[in-house]
Every structure is written in C-alpha cells, then in structure tokens.
DNA sequence: CTATCGCACTGTAGT
DNA sequence: AGTGCGATAG
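Put into structure tokens, the structure is as follows:
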C-alpha cells in the first residue's frame, strides 16, 4: 500500500456515518441514494480508494458516469487520493468506455476497427438521403422525428427485424402517417453497417449485441470488470441497464449511485424504473441514503424539498442541512429577454462590489441554449467575463467537420456521409449528376460509394470520371502516409493537399478568417494530442484521436482557473455547484417547456429540473422571468412559470419590477436609424440588406401562425406607414417602423415602456398579405 | 458544374 | 438569428 492510500484512511474519518457505511460496503450489490449536495462524488472517490486498499486490483474496477465532465472530475479526484494507480481503472462515460471496447472487438460484429462514430448531424443527414431515396414525403418523414424514433427503439434494444413486433408501435406509426418507419430503420442500420459507422445509440446497442452473441467475450468482460460503479444511475436507460446486468451477472459487485429527484433525462429514454427495479434484480442488495446536504443554506434546502414533494413518484428521503438559514430566494420580473439580461448583469455587478466576489462564483442557468444571447450581450456591456457551455460546439462547425470528414475517410473510406461531404469540397467538378450515377450503381450492386469509385465502374461515369479518380488517388495517398507519419503530419497534409487550407485562406471575409483560424486550432489540437501517450504508453494515432473527439463537446475542454461567470443549461449544470445561482426565463411554455407538457405530459421531470437548478446554489438563488418572451419573432410566453407559485411563500421574496437607473428617453425613429451600426463587418460593407433598427427579426406573416400578439385590430394594416401609431389588441399602443428590403417593404410595431423606451417589438413583413 | 440569392425552417436537454 | 436548400443565371 502506498503512502497516498494510507492517508486516505484518515480521510474516512471525515465522512459522516452514512457515507462511511456506503464506502465500506464494497462486496455485493449496493444502491446509494444520494440527495443533492450530499457528498456523492466524495463517497465514490473514497469507495474506490477503499477497494484499492483492500487489495482489489484497479484492473478489475469499472466506473461509469454519464457525462465527460463528471468522468473527468472523478478521475481527477481519484488521482488525488490514490495516485498513479488511478491510471489502471476503467473510468469514463458509458459511451466512451463502450466505444473503447467496441474498437477492440469490432471485428466480431463485422465492423472495421477504425469504425466511424456518427454524431447527430451525420445520422440525420444519412436519414435524409434514405428518405429521399425511398421517395417519401419529407414533410411527413422528418429526419429529426425519425432519428428520435430510431433512437428510442435502440435504447429499448429493439432491433429492426422486431420493430413491428410491438403492435402499439406499429399503430402509433400508422396514426402519424409513418408506416414506412420500420423500413427506414432497417435501411438506416444497413447503411450504417456498410459505412462502418455507429451512431451514439449504437455504442450501447452494439455493446449489448456483442455481449449477447459472444458468450466468450461476455465472460471475458465479466471477469475483467469484477467491481462496477455507476454514477447518476437515475439517468440510465434500458440498454444501459441490460448491459450492466450482463456484466455484473457473475460477481454481483455493482454499486449504483443516484437520486431519483434529479432524474432529468426521461425524455431520451432514461427510466426511474432502473432504480426501482434494482432490488428485484438483486434481492440481497444493500441501500444507503445520503441525506445530509453540505452545500446549501437551510432556505435553499427546504424550499427545494417542499417543491420536490409535489412529485408523486419518488423514493422517500429527507434531505437536511446544518448550514445557516441564508437569504430568501429572490424573484424578479422584467419586460423582455434583453431587460432580463441587463438585470442579471446589474445584480451580478452589485454582488461583486458589495461582497467582493469573483466572477467564477456565479452561474446563470437557463432552460434552453438559445437564451444565452441576451445574457451574453448584457454581460459584455458590463465588462463581466463569462463562459458559455454547450450550444454549438467547436466540432460541429462546418470547416471543422469538413477536415474531420477527410480524416475519417482516410481511415474508413466506406463512410458515405464523410465521402459525400468532401468529394466535391473544395470544388473539384464532381457535381450532382455524377454523384447520382455513383449512388445508383452503389445501390444496384449493394456496395458502398467508395467501392464503386474505387473500381472499374468508374469508367461508366463518363466525363467527370477522371476527376473522381483523382479524388480516389488523393485519399489513397493520405492513407499510405498513415503508417509512416504522426497523426498531426497526416492531418496537416490532408488539410493542405485537399485544398481546404487554400480555400479558407483565400476567403478574406471576417468569417472566412475565423474559419481558417479554427482549422489551425484543430490542427494544433491534433498536434498536442499526437504528442501525448495513451494509458498504455502508446502514441495516440489518428483513429484514436477521431474516436476521442467524436464523443467530446466544447464543455469538456474547460479552462481551469479562469475567473468567469458560468452560463449553461440546467441539464449541463447537474453535478456542479456555485455560490450564487441565477435562474432566468421562469415562464410558462419555456420552463416548464411546452414540449415536455404537450408531447409527454411530463411536468414532474420539469419540476425535477427546477429542483436541480435550485440545489446548485450554495448561498443565493435568484429567479427571473420576462413579461413577454419571443422566439423567432413569435410570442411564446406572457405568463410566469407555475413553478414560482409552488415555492413556499416563507422562502421567497418577490422584488418589485425592475427600476433601471437609465434616464427616461423618448423614442425617435430617425435617431434610432442614426444610432444603428450594423454589428457584422459584412453588413457594414453593404453585403446584406439590414434592418434600419437593431433587434428586429422579421417574419413573413402569411406563414406565421397568427398569435394573440400578432392579430392586432386594424382593417387597414396594408396602409400602415412608418411612424403611424397603431392600437394593438393585447399590448395597446405601438409605433410602426419600417425596413427597406429588396422587393418588399417590411414593417414592425414597436412598443414603449413608461419612460418611452423601446421595450417590445412585434415583427412583421409584407403586412399587406394579411387577409 | 458553379455561384448567387432569396426563402423557409428551426423549435429540450447531451453522448 | 443562422443556416441549408432550391431556383436561376452564368
């Protein structure tokens, strides 16, 4: 036993009795119900340290988490306690660990070792081409919907051939007019297989298939993973449950940690049943409850507790704390999202001044990523540094995906999505007609696109055949380099000789330059990566790199030590804590979200989400809602969230509507026009017609659903002129503003607050189309 | 086959 | 808002 381990025995004494019991019970099935802020990660960490102390080989321990961030945090903390031993642990997300295993075992399933991992965009693109090839109506068969349905099926371990064994499923497809769903699913799986590609769900499904079909392999991994730990167990789905069941079947040493109150992924197949079923699966299991909260004030713990009591389905527990009472939860009302941003920035500024706080002690949480924009603007104006997690990832950018597609293709030429992406980028004269011919041949001969263009069939293509041949040679020449050169050298050559670097370099627009820089950044990333070694000391090859980034998001490359305010969705905040938490957008239809209510009728999950948000805070929770909220120019809410009423009155404090200290100003259209500076360089150079007023997003009325907000009373809408004052059904008085666009005149109605400042804009275009 | 432009669509979360 | 797609001209 090394020194680090010895010191961790002392550390046990710092745990409370419940935590200690959970740590020491290392044999047999264990379920730990861990309330919010109850020191769960600590328990998991010491549990592993305790195992190592008791001569359990790190090689036999598997520790699974849900997100990369949690995995990283866990690895970090374990390294601190147990030192270098930690390297031998199998630790990671379900997806990354299974991807690693599938790489080793790929051939047993008929996949290439360097199989491609399709992200959601890739998968939807493939679905789109399949739907087109089947000549189905893309208005009925929406790739998005199809993708989700297939995902559901896969998570429930339903294979294509048994898709319609479930009559209920068949009926539901019938009623939604998608009777070809089963066929699409079948084709999709075949195409993925032929392309040597797996989507995210396949990483689970194929893992299951592997263990199911290959008893020897199952035995091997059962022996390897004699001790299994699962974090955030409440968020596992059926396929994960089944895989765990198989892996743990021999030794029964499975420890799951979770909190049913924090289950927020039911929408994508996670099921609370996994927790509830646990003792049926393992009757000899022991349960431990961690109920003492070390994170938050009395007020926060109690308010959150009262709130979550309203949910019917849950495991009985009583979360309590010895912490101080703390401030009440404050609730602010603002007029629009921009005002809300300003308010939050102001409040953070005040907090910082009054309490000498750092930026990093604040988090602003929201329900949807799109809410970040207004907050960003406000924080920027106040010069408060912030960092946004989630949203569009670096790896989803077009230029990044392009280069990665080349790299994927080099490793796995059958990958049709990547081939499709780059065969004519940069432009090399291989157009639609040529691709169509190749597609037809591939489908007739049941071959991949690459197999066609890498064969004599190329001769049948005609004039552009030579261009295709050149492309094939190019990819092959890259492939030849693989064994001789480092990942970085190959990647750099690809970027250069494919013409990507040149193409981007020649684009001197602001966007073009930033794209070039992004590619440079990716190459630098590959360089760093290829110089590092993996756990077994082997240099990182290109396929390992691709595997790695396929499962990575922006949020994972975090910069420690930066003093920045955190902006993220509530989902992303799970497992984190901050002294002050601002939760914005507390409106009906947004939170709880319209979708959760209409499609799944799942108010309880939204409530758990609210619970998660509040319990991130150590000392202070501030909630805010806007009087009206728009999305894509349409009103989506004008009503505070029902959750605000669910908080017991004794713990909350309604603040008066915001008073800003800006001097009142009268709105003046000419002045506004004069003040308006287009933000993008392109707009300044006159690239696009821009609205003469900032913040106006026009929406053609003839397509837009007339909402309460847009159906204002005016028979003479078509004669409205800029500067006209109009009466409006719900919002009262407004002023018409105009925008000069090409071809059509566009208008908007602007409203003012009591100071005469612009607060609300209703957007219209082509008003005369109203009938 | 390519470039350009206007139009339509999007819409919860993360691997 | 941003982006992808399709129509159209070159």
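Residue numbers (the working numbering): 30 to 800.
By construction, the Cβ of each residue, glycine as well, lies at the ideal position given by its N, Cα and C atoms.
- Shown here, residue 205 sits in coil according to DSSP, grouped into three states, outside any helix or strand.
- Secondary structure at residue 620: coil, using DSSP grouped into helix, strand and coil.
- In the DSSP assignment, residue 50 falls outside any beta strand (DSSP E) and lies within the alpha helix (DSSP H) extending over 46 to 53.
- A direct Cα-to-Cα measurement between residue 665 and residue 131 gives close to 44 Å.
- Look at residue 354 here: in three-state DSSP terms it is coil, with no helix or strand label.
- The C-beta distance from residue 430 to residue 675 rounds to 43 Å, too long to fall under 8 Å, and the pair is not in contact.
- The Cβ atoms of residue 394 and residue 99 do not sit closer than 8 Å to each other.
- Per the Cβ contact rule, the region 365 to 373 is in contact with the region 391 to 406 (3 or more Cβ pairs under 8 Å).
- Going by DSSP, residue 153 is part of the alpha helix (DSSP H) stretching over 149 to 162.
- Annotated three-state conformation of residue 647 is strand, per DSSP.
- As a beta-bridge residue in DSSP terms, residue 226 pairs with 145.
- Within the region 629 to 683, the complete beta strand (DSSP E) runs of at least 3 residues fall at 646 to 655, 658 to 660, 663 to 666, 681 to 683.
- For residue 571, the closest alpha carbon among the candidates 615, 519, 539 is that of 519.
- With contacts defined by Cβ atoms closer than 8 Å, residue 438 and residue 504 form a contacting pair.
- DSSP places residue 105 in the uninterrupted alpha helix (DSSP H) bounded by 97 to 111.
- Residue pairing for residue 598: DSSP places it in a beta bridge opposite 395.
- As the crow flies, the alpha-carbon of residue 270 is around 48 Å from that of residue 498.
- Membership of residue 63 in the beta strand (DSSP E) is indicated by the continuous run 59 to 63.
- With fewer than 16 other Cβ atoms from the protein chains shown falling within 10 Å of its own Cβ, residue 139 counts as exposed.
- Annotated as proximal: residue 65 and residue 291, with beta-carbon spacing under 8 Å.
- Judged by DSSP in its simplified three-state form, residue 609 adopts strand.
- Put simply, the backbone Cα of residue 261 is about 24 Å away from that of residue 179.
- Taken atom to atom, the span from the alpha-carbon of residue 103 to that of residue 74 is near 7 Å.
- For the pair residue 328 and residue 680, the CB atoms are nearer than the 8 Å cut-off.
- Fewer than three beta-carbon pairs drawn from the region 237 to 249 and the region 157 to 164 are found closer than 8 Å, and the two stretches are therefore not classed as touching.
- Just measuring C-alpha positions, the residue of 639, 645, 463, 445 sitting nearest residue 606 is 645.
- Residue 670 holds the alpha-carbon nearest to the alpha-carbon of residue 654 among 640, 554, 670.
- Following the DSSP letters along the chain, one finds residue 319 in no alpha helix (DSSP H) but inside the beta strand (DSSP E) bounded by residues 315 to 319.
- The beta carbon of residue 459 sits closer than 8 Å to the beta carbons of 452, 453, 493, 496, 497, 500 from its chain, once the five residues preceding and following it are set aside; these are given in chain order.
- For residue 614, there is no enclosing alpha helix (DSSP H), as DSSP marks it with neither H nor E.
- In the DSSP assignment, residue 76 falls within the unbroken alpha helix (DSSP H) covering 69 to 82.
- Pairing residue 316 with residue 330 gives a Cβ-Cβ distance that is not under 8 Å.
- Assignment of beta-bridge partners to residue 303 by DSSP yields no partner.
- Per DSSP, the beta-bridge partners of residue 285 are 60, 259.
- For residue 92, the beta-bridge partners assigned by DSSP are 120, 258.
- For a cut-off of 8 Å, the C-beta gap from residue 332 to residue 643 is around 7 Å, short enough to register as a contact.
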